[in-house]
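Numbering (this note's numbering), first residue to last: 920 to 1000.
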């Protein structure tokens, strides 16, 4: 039987790292090359490099960072009038 919490963590990490690697590599390569065929080529290559790195970082640091952001949000909610 598959552990659903582990599956949720893996799928969440995959979705978040995919989105972030596509968005950030797209923005930064667009700033460098402008809208062109070269940009699309570089963007595609950048995603292939960024995705495994982003996924690994999310798997290593994701839980701690989510916990930290939850604590910060709770603190801000308690302080906010």
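Backbone N, C-alpha and C fix where the C-beta goes; we use that ideal spot for every residue, glycine too.
Using a 10 Å radius around the Cβ and a threshold of 16 neighbouring Cβ atoms, would you call residue i buried or exposed?
i	result
residue 993	exposed
residue 977	buried
Look at the Cβ atom of residue i, then the Cβ atom of residue j, and state whether they are nearer than 8 Å.
i	j	result
residue 981	residue 932	yes
residue 944	residue 962	yes
residue 958	residue 965	no
Go to residue i, then tell me how far its alpha helix (DSSP H) extends in each direction, as first and last residue.
i	result
residue 971	956 to 998
residue 931	923 to 952
Would the region 930 to 939 and the region 965 to 973 be scored as touching if the rule is three or more Cβ pairs under 8 Å?
-> yes
Spell out a yes or no on whether the region 983 to 998 and the region 945 to 964 are touching, meaning 3 or more CB-CB pairs, one atom from each, closer than 8 Å.
-> no
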